[in-house]
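Order-wise, the sequence lines are chains A and B.
Numbering of the first sequence is given in our numbering, commencing with residue 2 and proceeding in unit increments.
Numbering of the second sequence is given in our numbering, commencing with residue 235 and proceeding in unit increments.
To keep things clear, I will list the structure first and then write my remarks on it.
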Amino acid sequence: MSDATIRAVGLKRTFGDVEAVKGVDLHVEAGQIYGFLGPNGAGKSTTVKMLSTLLSPTGGSATVAGFDVASQATDVRLRIGVALQSSALDAKQTGRELLDLQGRFYGMTKSNRAIRVKALSELIDIGDALDRPIGTYSGGMARRLDLATALIHQPTVVFLDEPTTGLDPASRASIWDEVRRLNVEQKVTVFLTTQYLEEADALADRVAIIDGGLLVAEGTPDELKRSIGSDVIIVTVTGDPQVAATIASSVPGCGPVDVHGNEITVVATNGSASIGPVAIALGAGGVVMTSMTLRQPTLDDVFLELTGARL
Amino acid sequence: MNTDNLLARPAGLIGDLATVARRSLRSMVRDKEAVIPPLIIGAFFYVVNVGTLAKLSEGAANVSNYEAFQLPPAVIFAVTGLSRAGALVTDIQSGYFDRLLATPVRRIALLLGLMAADFTLAFVLTLPIIAVASAFGVRFTTGIAGMFAFALLCGLWGLAFTGFSYAIALKTANPAAVNSAFLIFFPFAFLTTTAVPKEAMSGWLQGVVSLNPVTYLLDGLRSVVTDGWTTQIFASMAAIAGVFALGFGMSLLALRGRVNQK
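So this is what it looks like as structure tokens:
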């Protein structure tokens, strides 16, 4: 048994010659919502599949709920719920039938299944739709049912792989509410992968950023934001943004400058003091600016700083 | 962390198998477009063959009761290739199969449960085709027990053949490849005594027919209809067992490959 609910040490996974995950260390405490951020192909889903026993690691080790994912897979499966990318449901069944069926796979008694189906239908607020074929559900309803299906056996750890990808803003907000309720009311540890930085910012107690199969940062959202500086100045320019970046980086008080399209992002220790000098320096250098904004750093800035790309 | 008061526990092989079969049977009932065509194919094949070949065969091939002679091939046409392999491909593609793999379900139950449902459907589909044959005057010399044995053997044959479809489904996860599994059945179905007895065939074909397990299956089924309880039924069972062993072995290997895509 280990102290962390999820622990990985040097976790690796290769597919032929391709190293999808190159040695990931994780330590997720019980009751946390842990955000796992990264662009497509970064290794998020592969990591989740290893932690949820669907893929064997080719290197390193991992425990979930105290059990080794490779050698004690059944013990892990009894304690985890999994909602993978896109709603993995059976369109021919009704929501109630699917939940009941899932409960049977976990060896649950008839009375326990009935109690859990009732409780989950209230949690996901799906109403009368529970007795309709899943094929008739909207994307948001299907995703909420997907979440409920992962919870039927009252797992202690839930893996949610991009739970809101493809959903409209209202459905996304609804899923966020349910994840929070699940975490607060049922004390479930949530391991959440996402491409949406605002999702991790809104939900996660801690965040890890994976890029190219390697963790590039880990901490609370605030820690990560603080790590790149106090403020961010965003300047949109016409002409060569590299010239603007070179000029801005020479302004006292300004840190690293990233270029993304025709936009430069300037990290500053004191943005309100630096924004004027930056504007003057760019103007003196012949840079034509179309907009200039000062704001607090976001996880998006963290991601840009660490990976050189935006999600 | 809380590991007490777990609601979940392994359901065991029988429990898992029953759950998978329950889901499959429920889907079959709702998936009428997958069930009705085989029934129509079997009945159509029977009516057309009897209508066009009865007089010819009774004269030239010395078949005394062509209506009874045609019942087994009609049923075999209906039940062969009948499986939930297409639904399995959908599960794999949608991610539902992974969802099942993330539960403590016994992996082999994912295959056996589907096969149990297939057997049930094949058994049930045999009955209306027997009813059609009855309307043409066919009577089982072995009575109700023989009719049951006939349906049982047809169900088992349907089950045996599903192994090939599941092997393709699990290996490829491709619906077009699964549909093409029916092609495997063509040599089985036509290089045999479907239309006329072996004695009425040319020499080389008789040799090929003797190697085809469906020949022994049809012989056994026909004997139950017209000859009474004979040892030919054992040859039928052996033919089914051989095909089952091959198909099931292939599907098990494919299942292992899919589950261990690791």
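By construction, the Cβ of each residue, glycine as well, lies at the ideal position given by its N, Cα and C atoms.
Range of the contiguous beta strand (DSSP E) that encloses residue i
i          : result
Tyr-362(A) : Here chain A comprises residues numbered 2 to 312, so residue 362(A) is not present and cannot be evaluated.
Arg-296(A) : 289-296
Ile-210(A) : 207-212
Glu-264(A) : 264-269
Pro-257(A) : 255-261
Val-372(B) : Per DSSP, Val-372(B) belongs to no beta strand (DSSP E) and is neither H nor E.
Val-65(A)  : 60-65
Gly-220(A) : 215-220
Ala-9(A)   : 7-16
Val-19(A)  : 19-29
Asp-147(A) : It is not in any beta strand (DSSP E) - Asp-147(A) instead sits in the alpha helix (DSSP H) that spans 140-152.
Reference residue i, options the options, closest by Cα
i          : options                                        : result
Arg-318(B) : Arg-264(B), Asp-352(B), Ser-485(B)             : Asp-352(B)
Pro-242(A) : Thr-47(A), Asp-259(A), Ala-149(A)              : Asp-259(A)
Val-70(A)  : Val-25(A), Ser-87(A), Gln-86(A), Lys-50(A)     : Lys-50(A)
Ala-257(B) : Gly-44(A), Ala-66(A), Gln-103(A), Asp-26(A)    : Here residue 257(B) turns out to be Arg, not Ala, going by the sequence shown. Minimum Cα distance to Arg-257(B) is reached at Gln-103(A).
Leu-100(A) : Leu-85(A), Ile-235(A), Leu-121(A), Gln-86(A)   : Leu-121(A)
Val-238(A) : Pro-170(A), Lys-226(A), Thr-221(A), Asn-263(A) : Asn-263(A)
Ser-444(B) : Thr-460(B), Val-458(B), Thr-427(B)             : Thr-427(B)
Ile-153(A) : Tyr-400(B), Ala-343(B), Arg-333(B)             : Arg-333(B)
Val-316(A) : Arg-173(A), Leu-90(A), Pro-58(A), Leu-305(A)   : This structure cannot speak to residue 316(A), because chain A is shown only from 2 to 312.
Gln-226(A) : Pro-253(A), Ala-246(A), Gly-286(A), Arg-296(A) : Note on residue identity: the sequence assigns Lys, not Gln, to residue 226(A). The option with the nearest alpha carbon to Lys-226(A) is Arg-296(A).
Pro-222(A) : Lys-111(A), Ser-292(A), Asp-301(A)             : Asp-301(A)
Thr-291(A) : Ala-285(A), Ser-273(A), Glu-163(A), Gly-240(A) : Gly-240(A)
Gly-462(B) : Pro-447(B), Phe-384(B), Thr-324(B), Phe-482(B) : Phe-384(B)
Thr-376(B) : Leu-290(B), Val-448(B), Pro-431(B), Thr-464(B) : Thr-464(B)
Leu-480(B) : Pro-447(B), Arg-492(B), Val-284(B)             : Pro-447(B)
Phe-68(A)  : Ser-139(A), Val-303(A), Val-77(A)              : Val-77(A)
Thr-95(A)  : Asp-26(A), Val-303(A), Tyr-138(A)              : Tyr-138(A)
Pro-244(B) : Val-430(B), Arg-341(B), Leu-417(B), Thr-406(B) : Arg-341(B)
Ala-356(B) : Thr-406(B), Met-262(B), Phe-419(B)             : Met-262(B)
Asp-18(A)  : Leu-27(A), Thr-59(A), Asp-26(A), Asp-132(A)    : Thr-59(A)
Gln-73(A)  : Ser-112(A), Ala-280(A), Leu-55(A), Arg-181(A)  : Leu-55(A)
Leu-251(B) : Val-323(B), Ala-343(B), Leu-361(B), Ala-277(B) : Ala-343(B)
Gly-277(A) : Thr-294(A), Gly-287(A), His-261(A)             : Thr-294(A)
Own chain residues within Cβ distance below 7 Å of residue i, not counting five before or after
i          : result
Ser-53(A)  : Ile-81, Val-83, Phe-160
Val-29(A)  : Ala-5, Thr-6, Ile-7, Tyr-35, Thr-190, Phe-192
Leu-63(A)  : Strictly speaking, residue 63(A) in this sequence is Ala, with Leu absent from that position. The residues are Arg-8, Ala-9, Leu-12, Met-51, Leu-52, Val-70.
Met-484(B) : Gly-397, Phe-398, Ala-401
Ile-418(B) : Phe-398
Gln-33(A)  : Thr-190, Asp-206, Arg-207
Interface partners of residue i on chain D, CB under 7 Å
i          : result
Leu-102(A) : This model lacks chain D altogether, as its protein chains are A and B.
Own chain partners of residue i with C-beta closer than 6 Å, once the 5 adjacent residues on each side are dropped
i          : result
Phe-16(A)  : none
Thr-237(B) : Reliability fails at Thr-237(B), whose pLDDT of 45 lies under 50, so the model's placement of it is uncertain and no value is given.
Gly-136(A) : Ala-92
Leu-489(B) : Leu-345, Leu-404
Thr-47(A)  : Arg-14, Ala-21, Val-22
Ser-172(A) : Gly-141
Ala-288(B) : Tyr-300
Ile-326(B) : Ala-407
Residue range of the alpha helix (DSSP H) that includes residue i
i          : result
Arg-456(B) : 447-456
Glu-200(A) : 198-204
Ile-474(B) : 466-493
Leu-161(A) : Segment 158-162 is the beta strand (DSSP E) holding Leu-161(A); no alpha helix (DSSP H) there.
Leu-240(B) : No alpha helix (DSSP H) contains Leu-240(B), which DSSP labels as neither H nor E.
Ala-84(A)  : Counting along the chain, Ala-84(A) falls outside any alpha helix (DSSP H), though it belongs to the beta strand (DSSP E) covering 81-84.
Residues of its chain near residue i, where Cβ-Cβ distance is below 8 Å and the 5 sequence neighbours each way are ignored
i          : result
Leu-307(A) : Ile-210, Asp-212, Val-217, Ala-218
Tyr-107(A) : Leu-79, Ile-153, His-154
| query | If contact means a Cβ-Cβ distance below 8 Å, which residues of the segment 109-125 of chain A contact chain B? | reply | Those would be Met-109, Asn-113, Arg-117, in chain order.
| said: By the 9 Å beta-carbon criterion, what residues does the segment 79-94 of chain A contribute toward chain B? | reply: Correct list: Leu-79, Arg-80, Ile-81, Gly-82, Val-83, Ala-84, Leu-85, Gln-86, Ser-87, Ser-88, Ala-89, Leu-90, Asp-91, Ala-92, Lys-93, Gln-94.
| field | At least three beta-carbon pairs within less than 8 Å, the segment 369-376 of chain B to the segment 300-313 of chain B | value | A contact exists between the segment 369-376 of chain B and the segment 300-313 of chain B.
| request: Decide yes or no for the touch test of the segment 261-277 of chain A against the segment 205-214 of chain A: beta carbon pairs closer than 8 Å, at least 3 of them. | output: Judged by Cβ distances under 8 Å, the segment 261-277 of chain A makes no contact with the segment 205-214 of chain A, as fewer than three pairs qualify.
| Below 8 Å, can you find three or more Cβ-Cβ pairs linking the segment 405-413 of chain B to the segment 435-445 of chain B? | No contact exists between the segment 405-413 of chain B and the segment 435-445 of chain B.
| query | Would you call the segment 464-474 of chain B and the segment 447-456 of chain B touching, i.e. three or more CB-CB distances under 8 Å? | reply | Yes, since at least three Cβ pairs between the segment 464-474 of chain B and the segment 447-456 of chain B fall closer than 8 Å, the two stretches touch.
| query | Between the segment 229-238 of chain A and the segment 38-48 of chain A, do at least 3 Cβ pairs fall closer than 8 Å? | reply | Inter-segment contact for the segment 229-238 of chain A and the segment 38-48 of chain A is absent: fewer than three beta-carbon pairs are separated by less than 8 Å.
| query | Does the count of Cβ pairs from the segment 389-406 of chain B and the segment 305-319 of chain B closer than 8 Å reach three? | reply | Contact holds: three or more Cβ-Cβ distances are below 8 Å.
| task | Could you tell me whether the segment 306-314 of chain B touches the segment 416-425 of chain B, using the rule of 3 or more Cβ pairs below 8 Å? | result | Segments in contact, yes.
| field | Contact list for the segment 177-199 of chain A against chain B, Cβ threshold 7 Å | value | Result list empty, no residue passes.
| request: Taking only beta carbons into account, state which residues of the segment 12-40 of chain A come closer than 7 Å to chain B, listed in chain order. | output: Result list: Ala-31.
| query | Three or more beta-carbon pairs under 8 Å between the segment 240-259 of chain B and the segment 335-348 of chain B, yes or no? | reply | Touching, yes.
| message | At a CB distance below 7 Å, what residues from the segment 48-73 of chain A approach chain B? Give them in sequence order. | response | Legend: CB atoms of the segment 48-73 of chain A lying less than 7 Å from CB atoms of chain B belong to residues Ser-53, Thr-54, Leu-55, Leu-56, Ser-57, Ala-66, Gly-67.
| chain A contacts made by the segment 315-337 of chain B, where a contact means CB separation under 9 Å | For the segment 315-337 of chain B, which is checked against every Cβ of chain A, the residues closer than 9 Å are Ala-321, Thr-324, Asp-325, Ser-328, Gly-329, Tyr-330, Phe-331, Asp-332, Arg-333, Leu-334, Leu-335, Ala-336, Thr-337.
| request: Could you list the residues in the segment 468-489 of chain B with a C-beta less than 9 Å from some C-beta on chain A, going in chain order? | output: Contacts with chain A (Cβ-Cβ distance below 9 Å) from the segment 468-489 of chain B involve no residue at all.
| What are the residues of the segment 345-376 of chain B that lie near chain A, defined by any Cβ-Cβ distance shorter than 8 Å? | Flagged: no residues at all.
| Where the segment 144-159 of chain A meets chain B: residues whose CB sits under 9 Å from a CB there | When C-beta distances to chain B are compared with 9 Å, the residues of the segment 144-159 of chain A below that value are Asp-147, Thr-150, Ala-151, Ile-153, His-154, Gln-155, Pro-156, Thr-157, Val-158, in chain order.
| message | Output needed in chain order: residues of the segment 260-285 of chain B with a Cβ under 9 Å from some Cβ in chain A. | response | For the segment 260-285 of chain B, which is checked against every Cβ of chain A, the residues closer than 9 Å are Arg-260, Ser-261, Arg-264, Asp-265.
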